[in-house]
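In what follows, a single structure is set out as structure tokens and then discussed.
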Amino acid sequence: MPSPDRLRRQVEKRRRIVRTFPIGFGLLLLQFALTEGVLLATLPLHTNPFYMAECVRADTLDPETLSRMAAMLPVMVQFCMLIVLALYVCIFAAWINERKYLALIDLLDTQIEKRNRSEENLLRRDDRDTQ
């Protein structure tokens, strides 16, 4: 079993990660939203299935473009974005669990310290009584 000092260092490392997670995760979500916005604004043909359907109905697509791009392309791009979002949700859930585990470690440490103090007090009383 690892030494108590090594375990404490590991717990402190995890605490730092948990403390900085909201900032990093917020930046990650901002980057995701900006990427989605830029894709929808600059490449509607690749990302917006409604725009693609409108172009097909209006027959404004170049036949070569139409042959290269199936109607599923925008759906697939959005599906990929959905997969990335699902990954972010899993990361967030892991962070929540990590916070719970650290709180549990704190609770157990507190209980152990209280028990150790009470045992020390009992030993001191016994020593006083025997003297």
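Note that this note's numbering has the sequence shown beginning at 692, numbered continuously upward. Note that CB positions come from ideal geometry on N, CA and C, so glycine has one too.
Here the alpha carbons of ALA785 and ARG710 stand approximately 14 Å from one another. The beta carbons of GLU727 and MET772 sit closer together than 7 Å. Relative to THR738, the option among ALA749, VAL702, MET767 whose CA is nearest is MET767.
Nearest to LEU721 by alpha-carbon distance, out of ASN807, ARG816, LEU776, is LEU776. A contact is defined here as three or more CB-CB pairs under 8 Å, and the segment 698 to 708 meets this definition with respect to the segment 789 to 797. Per DSSP, reduced to three states, the secondary structure at MET760 is coil, with no helix or strand assignment. DSSP places LEU698 in the uninterrupted alpha helix (DSSP H) bounded by 695 to 733.
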